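Residue numbers (this note's numbering), protein chains in the order written: chain A, 1 to 179; chain B, 180 to 358; chain C, 359 to 537; chain D, 538 to 716; chain E, 717 to 895; chain F, 896 to 1074. Here is the structure we will look at.
Protein chains: 6
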Amino acid sequence: MSMASTNNHSCKKPAKVTADDFAYSGLGIAGNTSNIIKAAVTPAFDAQFAGLNGLGISVACLDLAAGGVIPLHTHPGASELLVVIEGRILAGFISSATLSTSKLLGDVMAFPQGLLHFQINAGKSSALTIVRFSSSNPGLQILDFALFKSSFPTPLIVQTTFIDVALVKKLKGVLGGSG
Amino acid sequence: MSMASTNNHSCKKPAKVTADDFAYSGLGIAGNTSNIIKAAVTPAFDAQFAGLNGLGISVACLDLAAGGVIPLHTHPGASELLVVIEGRILAGFISSATLSTSKLLGDVMAFPQGLLHFQINAGKSSALTIVRFSSSNPGLQILDFALFKSSFPTPLIVQTTFIDVALVKKLKGVLGGSG
Amino acid sequence: MSMASTNNHSCKKPAKVTADDFAYSGLGIAGNTSNIIKAAVTPAFDAQFAGLNGLGISVACLDLAAGGVIPLHTHPGASELLVVIEGRILAGFISSATLSTSKLLGDVMAFPQGLLHFQINAGKSSALTIVRFSSSNPGLQILDFALFKSSFPTPLIVQTTFIDVALVKKLKGVLGGSG
Amino acid sequence: MSMASTNNHSCKKPAKVTADDFAYSGLGIAGNTSNIIKAAVTPAFDAQFAGLNGLGISVACLDLAAGGVIPLHTHPGASELLVVIEGRILAGFISSATLSTSKLLGDVMAFPQGLLHFQINAGKSSALTIVRFSSSNPGLQILDFALFKSSFPTPLIVQTTFIDVALVKKLKGVLGGSG
Amino acid sequence: MSMASTNNHSCKKPAKVTADDFAYSGLGIAGNTSNIIKAAVTPAFDAQFAGLNGLGISVACLDLAAGGVIPLHTHPGASELLVVIEGRILAGFISSATLSTSKLLGDVMAFPQGLLHFQINAGKSSALTIVRFSSSNPGLQILDFALFKSSFPTPLIVQTTFIDVALVKKLKGVLGGSG
Amino acid sequence: MSMASTNNHSCKKPAKVTADDFAYSGLGIAGNTSNIIKAAVTPAFDAQFAGLNGLGISVACLDLAAGGVIPLHTHPGASELLVVIEGRILAGFISSATLSTSKLLGDVMAFPQGLLHFQINAGKSSALTIVRFSSSNPGLQILDFALFKSSFPTPLIVQTTFIDVALVKKLKGVLGGSG
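Quick look at the structure:
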């Protein structure tokens, strides 16, 4: 090997890797919170930031305007760690049928992989949190979008959730689902 | 080592391991389907069958009476593979906001880790399927039980799912939730 | 991300994934047991069922006619979990030089990764079991086929197993090996 | 299982897990930067925040006063993802003998597992960054502390780094090493 | 953290770990080859060398006198890498029913996890090889010892291998098996 | 599957895999130690020996002439296990600010992943050791080469290591660094 140093993280050849491959500027822009949930998720997953490939980690900013909510959701492929940067956040996850975990945070909260959880702006002004994931591609399944912004057939939703037809149709109308 | 054979799977000393440690009889009994979902899940996870510890696999039987449903649920820690043994099963998972996957099966279906999915008896008589998991402890989070059979506070459910208060209260009444 | 849901399991783009990618019908057909071992293995590994890629799980049906035997074999890449569907099965694995594990089962048995094991029809009529694996590609090395249905040279077999030349040649004749 | 929900992340029994187990307040306090490097590292690793056990992720705050430096260091067990919260940071890692990666950041930078890297306050006022790791116990080996704040014998340092004896002794004096 | 260095590999507290915990002298002694296979395996697995715990690697010396053979065997939990130190070695593994891989080596050979393989002294004088494993506890299942030095019942061996009764009894006699 | 054996380790089709794919002869040649460190590293990583792909293991020979030194270095992606074949070796790793681990070896030493370590010829004549790694691509970062044989800017080295400018320039001169 003639003592040449090597590293095992790049797919590019070492001579072609530059500082830009491991830096990303997309989180600097505030997310647009003019929407139904008054919140925005700005991810730096491997789809946005290719340098994360193989590193087993990723990051996202959550902007929550006053009244903002990140609805119940799961990340099928990663645990999450939230740090509050600005404002007050109420967050929680549902770990079993008989336990509800929610807490007013000034700082850090962990959400185990695959469990339903949410974040709510608990203050009067806007809030900002940064969340990181134990995978470069954590995935995201927002419950309401899975049910009501999809083409998942209404009769199947009713049969598998016991939510009544009228509400399913109403929420599909609001969120743009079909079926 | 004097050429003595060893294996790396037992926590018991080899001399004390018996055939019984790797066999389990709990799946032989039909599940009781006299309940609100007309279905029963009989698991052989590591909690029931300690021999699975470290093997990365587990199994469960699903009995579905006529009209039976396994409601929308996730397994935070495992992918699932279903084989239909008797009857006809309609099953599906929701993989994105715009895709609904459901199919009438005679045989095998895969459910990726952490995604919402369901099974419905699509026939006139009872059905039986055997499902296996890519972990000895797959976990289970049934959506309706997480929301309506728990102490997760009603205002938080409303705020994070847009399901209306009346329905949340009604379903908590049916399923036995509080908060 | 504009709150669009994503999942991290498909190599196809979400819009192109259909229910068919995660369903497989090949296990519905009974295996042909008119052979020397009076048994058939019908696999749904990732080679047969591409939807299993990345899910860490796979399945196979074992049909054993009366007198059927799945000879001693290993799976280099997976543990195995067997459920008896029909008939009576005698199965076991060899975990050390001094331990023989075998049991008449009505139901479930686990086989740790990489250890020699077998299944025998212990009843008077045909038997069916479904086995699942903790990998989408468990591999299979049947001892007799590795030795006697291969081109592994006879002198090397004799030298490394102490089985005598006459028997090696006889079994190569029966099973079709060369060398 | 009587359909009771379970999750596979807690070592405590579900009934005893509370919201406090997954929340941590230690990052809210500004680090003390009155030291030789004008910087402070405030970790929330599993040693500080037991709820991270098994989640594969952890976090730390870096406070850098004007002129502050986090000297060259490695994390043997994790990749790192840095987000700049306040101020301007110059950071980089050394990936091979012929490549130096450094960049003035407003936002995000990734450091692959095990490679030497550093962070410098590149602005006139104090800076704050939050770094996360792809392990709940990333480890930390600061080069100067490993060499000059330890009891690693001076002759061995000289022989294995080519740094001259006088400088080794001087830096051991400053940093408090022995040997 | 007051910038104190930490590492994540010791179970002992850092202050109590000494150089002796990571060094092992058991391989220095030549193995006793006065036995039926004219060979000896001297392992440094985690059972012998506790410092390997968690490092994912282990080592063994193989001494082969003239005519020595390490019979067909598998390692259920690890791949193996052999380096010839002295003498000439013939080694191979059986990767499928139709492929036999064997080669006269002067140097290095790899054996994939879980596959049957062997080593033979191909020279006139004694040989020495050092083998390493991709696990601190690779396991070892020697085919002949599993079958003929165990209590695995003779009728089951015959039924699952097609080796005839007379040879099974003869080899059980030589190797000390029962059943 | 018609009972055909398969294995899950080759990317080549089984029919095209030959013994040559799993054997490698590059370690047989003594390394050239006529250099500044009087030592040579001859690797068989996956870059040199493609058959190691996916096996999680690799190997290298270290030749140390009298006075030879492998300077302080890390392997970002693997633990290391050293066996002394010839001569006397002094080796050690730095596991914390207060612990120095070094030992005169006749035999085996383990180096945990990612920690700084070194090897020195402690005898009067040449020495040979074989080291193996818990990855097929362990990576290598030699401290002096990372700092002084690279284009890492001198002012940044001074600022992040407290090594004085004169010595950085001198060592860059000796080792051929720029910046």
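Cβ coordinates follow ideal geometry from the N, Cα and C atoms, glycine included. Here the structure is a predicted model, which is why all the values come from computation and not from measurement.
The C-alpha of residue 832(E) is placed about 17 Å away from the C-alpha of residue 753(E). Between residue 920(F) and the set 939(F), 929(F), 926(F), 934(F), the nearest pair of CA atoms involves 939(F). When 647(D), 595(D), 608(D), 663(D) are compared, the shortest CA-CA separation from residue 584(D) is found for 595(D). Under the 8 Å criterion on CB atoms, residue 976(F) is classed as interfacial with respect to chain E.
Beta-bridge pairing by DSSP links residue 219(B) to 242(B).
Secondary structure at residue 704(D): helix, using DSSP grouped into helix, strand and coil.
In the structure shown, residue 520(C) falls within a coil segment according to DSSP collapsed to helix, strand and coil.
Its chain contains no residue whose beta carbon lies nearer than 8 Å to that of residue 1065(F) once the 5 sequence neighbours on both sides are disregarded.
Taking 8 Å as the upper bound for CB-CB distance, residue 450(C) and residue 476(C) are in contact here, some 6 Å apart. Across the stretch 675 to 698 of chain D, CB contacts with chain F closer than 9 Å involve 676, 678, 679, 680, 681, 682, 683, 684, 685, 686, 687, 688, 689, 690, 693, 694, 696, 697, 698, in sequence order along the chain.
Looking only at 202(B), 317(B), 221(B), the smallest Cα-Cα distance to residue 309(B) is reached by 221(B). Secondary structure of residue 664(D) (DSSP, three-state): strand.
The stretch 590 to 605 of chain D makes contact with the stretch 75 to 84 of chain A: 3 or more CB pairs, one atom from each, lie closer than 8 Å. Residue 71(A) carries a strand assignment under DSSP once its states are collapsed to helix, strand and coil. For residue 501(C), the enclosing alpha helix (DSSP H) covers residues 501 to 506. Secondary structure at residue 766(E): helix, using DSSP grouped into helix, strand and coil.
Cβ proximity to chain B below 7 Å picks out 69, 71, 72, 74, 76, 77 from the stretch 64 to 90 of chain A.
Apart from sequence neighbours up to five positions away, the residues of its chain that approach residue 888(E) with a beta-carbon distance below 6 Å are 864, ordered along the chain.
In terms of beta-carbon proximity, residue 171(A) stays away from the interface with chain D, with every pair separated by 8 Å or more.
With respect to the 8 Å criterion, residue 959(F) and residue 1016(F) are classified as neighbours on the basis of their beta carbons. One alpha carbon belongs to residue 95(A), the other to residue 357(B), and they sit about 15 Å apart. Residue 440(C) carries a strand assignment under DSSP once its states are collapsed to helix, strand and coil. In chain order, 1051, 1054, 1055 make up the part of chain F whose C-beta sits under 8 Å from the C-beta of residue 657(D). Contact annotation for residue 44(A) against chain D: 645 [CB-CB distance below 7 Å, chain order]. In the three-state scheme derived from DSSP, where H, G and I count as helix and E and B as strand, residue 133(A) is classed as strand. Boundaries of the beta strand (DSSP E) around residue 479(C): 475 to 479. Shortest Cα-Cα distance from residue 782(E) to any of 824(E), 840(E), 854(E), 881(E) involves 840(E).
Distance from the CA of residue 663(D) to the CA of residue 692(D), rounded to the nearest whole angstrom, comes to 39 Å. Beyond the five residues adjoining it in sequence on each side, residue 467(C) comes within less than 6 Å, by CB distance, of 440, 449 in the same chain, given in chain order. The beta-bridge partner set that DSSP reports for residue 287(B) consists of 262(B), 382(C).
Taking C-beta atoms as the reference points, residue 74(A) and residue 31(A) fail to come closer than 8 Å. The alpha-carbon of residue 176(A) is positioned some 15 Å away from that of residue 166(A). Think of a sphere of 8 Å around the beta carbon of residue 389(C): no beta carbon from chain B falls inside it, the nearest being about 14 Å out.
The beta carbon of residue 893(E) sits no closer than 8 Å to any beta carbon of chain F. For residue 880(E), the chain C residues whose C-beta falls within less than 7 Å of its own C-beta are 525, listed in chain order.
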